[in-house]
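The sequence shown begins at 2 in the numbering used here and counts up one residue at a time.
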Amino acid sequence: MGDSGKVLVIKFVIAFMILALLISVKNVIFINLENLGFSYFDANSIRTFWADFKGDYLYLLVSLLISMIIGLKFNIKSE
Numbered sequence: 002m003g004d005s006g007k008v009l010v011i012k013f014v015i016a017f018m019i020l021a022l023l024i025s026v027k028n029v030i031f032i033n034l035e036n037l038g039f040s041y042f043d044a045n046s047i048r049t050f051w052a053d054f055k056g057d058y059l060y061l062l063v064s065l066l067i068s069m070i071i072g073l074k075f076n077i078k079s080e
């Protein structure tokens, strides 16, 4: 059976919430690296590493996988 439109909207909202949460956690970690005594160069090199390897796409992939797992969990519960 296919999902109704309302269920699909809820799944997309959950996926975007998880994506926003993961990206904000990454940004908070980078800011705290600079504020908690690590040198600016260390935090900047980590930031450059993520920019070089497209870290945001990695977070997008992880958030999509988490949302798929949540969707599977909902489907298993409904059956």
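For glycine and all other residues, C-beta sits at the position ideal for the given N, C-alpha and C.
From a predicted model like this one, the values you see are computed outputs, not experimental measurements.
Item: Check whether Gly72 and Lys7 have beta carbons under 7 Å apart; Value: no
Item: CB-CB length for Leu23 against Ser68, believed under 8 Å; Value: At roughly 11 Å, the Cβ-Cβ gap does not stay under 8 Å, so Leu23 and Ser68 are not in contact.
Item: For Ser68, the three-state DSSP class (helix, strand or coil); Value: helix
Item: DSSP three-state assignment for Ser5, whether helix, strand or coil; Value: coil
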